[in-house]
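In order, the protein sequences belong to chains A and B. First residue of the first sequence: 1, per my numbering; consecutive thereafter. First residue of the second sequence: 1001, per my numbering; consecutive thereafter.
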Amino acid sequence: QVDLNALRQAMGVMQHHDAVTGTEKEHVAHDYARILTEGIKECEIITSAALNKLIKNQSSEDVDIKFSSCPLANVSSCSFTENTETFTVTVYNPLSRPVNHYVRFPILGEAYRITDDAGVQIETQLVPIASSVLSIPGRKSEATMDLVFRASEIPPLGFKSYYVESVKKEEVTAPKMNE
Amino acid sequence: DDYTGVKLEIDQTTGLIASVTMNNITVSLTQQYLYYEGYIGNNEIFVNRSSGAYIFRPRNNEPIAASNRANYTIHRGNLVTEIHQKFNDWISQVVRMYKEENVIEFDWVVGPLPSEDTFGKEVINRFQTDLSTNATFYTDSNGREILKRVRNFRPTWKLDLEEPVSGNYYPVTSKILMRDTVRNIEVAVLTDRAQGGSSLHDGELELMVHRNCLHDDAFGVGEALNEKAFGAGLVAKGSHYLMVGNISSDGYSLAAAERDLAQRKLLQAWTFFSPAEKQSIEDYK
């Protein structure tokens, strides 16, 4: 039931018709958005299955973990991160060399504690979302702040995951900074 | 004097960027949003076609400043410092400088463009510096190698350009740059998507970020380029990444840093979220 071809076909159709240039009628542009969204949804199932294979021990009989993404994170809107108090963030690096990556997502809580796989607390920052983003027509989110942290040295073609907890402001201690 | 990071100066009177320091090089640089008004033709003959989905045909050769000043707020932090700038009701941006990243990000939000005016608006982001570029700039057209572009010039025929703005526009897949070979300085802007771009005056780079064309250009769509969402014109949001440095010096080239950034942005790390409410931190580890 999982179809990687749905996204391939959507991309093929859109590239053939120069879909982002405006050289199609408006209702056709909306249809492209529809088929592209369906294709991406299909691929989310595949990425989630692939990450489960990478994450589990060979001998482990753990249940599958659901990995979801936030397609509206570009307008600081994500119902999952806004409405979940404890969750993990998994960052996958598609490049063949280690990279550092700043992760950013909208939140509703007043403070957050992020811990890496070694149990070390990670430095975080709350950043106000720009007023121009808050007023984008159609944005459905109560979040006014983004949480930012740095995912360091993500291995090539591999992942790192982080444990995120919403906490009271006084519970957060400033992590020690490296020299 | 020993500052080695990225530094940005803002003119407090206008709220616009005044200079940039990166890789130990300071360049006088202003950045502004402007727009061309789209030409309206009768579409009966080719030279009288309107600016539209297929053709960029500005009414005048000089764009109009969307605003000569910006309201701004600065948000300093341990990981990222942001400057939130608002130019007018339909153009704003966040300028970001992340810790340990040698690049300045311009995260722009443009739209909904006013559509009650007579002419369509074709909005550009222009970076203006004091570099001496000798009418030359470079683009990475078609995702292949960087190509040298010379203003009002074609390498294989004598050019008589009747449309000096659009005739000097080139596709930018991920990068546009200019060089001052005397001062050994390069200024590059990386994009997060394919855009049109040019350098219409020495020391300048411009990229088109959004447009509405209120008249069909009669090339086949049969519709004006004026899409709506949620009852208003579309809002475009994207990023430009500015890099400044030496063209080359001992064992260093800005081009290598640009390639590194382009890889990290175009094949960006993917972020996934999983519920962990029934999971302790030990379970997670």
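Using N, Cα and C, we set each Cβ at its ideal position, and we do this for glycine too. Small disclaimer: the values here were computed from a predicted structure and weren't measured.
Going by DSSP, B/Leu-1242 is part of the beta strand (DSSP E) stretching over 1236-1246.
Here A/Ser-131 is exposed. Its C-beta has fewer than 16 other C-beta atoms within 10 Å. Within the same chain, Cβ atoms closer than 6 Å to the Cβ of B/Val-1110 are found at Ile-1091, Val-1123, Val-1209, His-1210, Ala-1236, the five residues on either side in sequence being excluded.
Inclusion of B/Leu-1034 and B/Pro-1063 in the CB contact set at 8 Å is warranted, their separation being smaller than that value. Looking at B/Asn-1168, B/Lys-1158, B/Thr-1118, B/Thr-1181, the one whose alpha-carbon comes closest to that of B/Ser-1249 is B/Thr-1181.
For the options A/Val-13, A/Tyr-112, A/Asp-3, A/Glu-26, the alpha carbon positioned closest to that of B/Leu-1234 is the one of A/Glu-26. Cβ contact annotation for B/Pro-1171 (same chain, cutoff 6 Å, sequence separation greater than five): Ser-1141, in chain order. In this structure, the straight-line span from the alpha carbon of B/Glu-1186 to that of A/Val-63 is close to 53 Å.
Cβ atoms of B/Leu-1029 and B/Gln-1128 come within 8 Å of each other, at about 7 Å. DSSP places B/Gln-1093 outside any alpha helix (DSSP H); the residue lies instead in the beta strand (DSSP E), whose first and last residues are 1091-1098. Three or more beta-carbon pairs separated by less than 8 Å are not found between the stretch 1261-1268 of chain B and the stretch 1194-1205 of chain B, which leaves the two stretches without contact. In its chain, beyond the 5 residues on either side, Gly-1238, Ser-1239, Lys-1265 have a beta carbon closer than 7 Å to the beta carbon of B/Asp-1192.
The criterion of a C-beta distance shorter than 8 Å is satisfied by B/Thr-1271 and A/Val-103. Rounded to whole angstroms, the Cβ separation of A/Glu-165 and A/Thr-86 is 5 Å, and the two are in contact under 8 Å. Under the 8 Å criterion on CB atoms, A/Tyr-163 is classed as interfacial with respect to chain B. Proximity of chain A to B/Thr-1271 at the Cβ level (cut-off 9 Å) is accounted for by Ser-69, Cys-70, Ala-73, Val-89, Thr-90, Val-91, Tyr-92, His-101, Val-103, Arg-104, Phe-105, Ala-151, in chain order. Shown here, A/Asp-146 sits in a strand according to DSSP, grouped into three states.
The secondary-structure analysis by DSSP pairs B/Gly-1197 across a beta bridge with B/Tyr-1170, B/Leu-1207. DSSP places A/Thr-37 outside any beta strand (DSSP E); the residue lies instead in the alpha helix (DSSP H), whose first and last residues are 26-55.
When the alpha-carbon of A/Thr-47 is set against those of A/Tyr-163, A/Val-20, A/Phe-159, the nearest one is in A/Phe-159. For B/Asp-1260, the uninterrupted alpha helix (DSSP H) segment begins and ends at 1254-1266. No Cβ of chain B is located within less than 8 Å of the beta carbon of A/Ile-35.
Distance from the CA of B/Met-1178 to the CA of B/Ala-1188, rounded to the nearest whole angstrom, comes to 6 Å. With contacts defined as CB atoms closer than 8 Å, B/Ser-1274 and A/Ile-65 qualify as a contacting pair.
When DSSP states are grouped into helix, strand and coil, A/Glu-171 belongs to the helix group.
A contact between stretches requires three or more CB pairs, one per stretch, nearer than 8 Å, and the stretch 1064-1083 of chain B meets this requirement with the stretch 112-127 of chain A. Cβ-Cβ distances below 8 Å link A/Arg-150 to Asn-100, His-101, Tyr-102, Val-103, Ile-122, Glu-123 in the same chain, with the five nearest sequence neighbours on each side left out; the list follows chain order.
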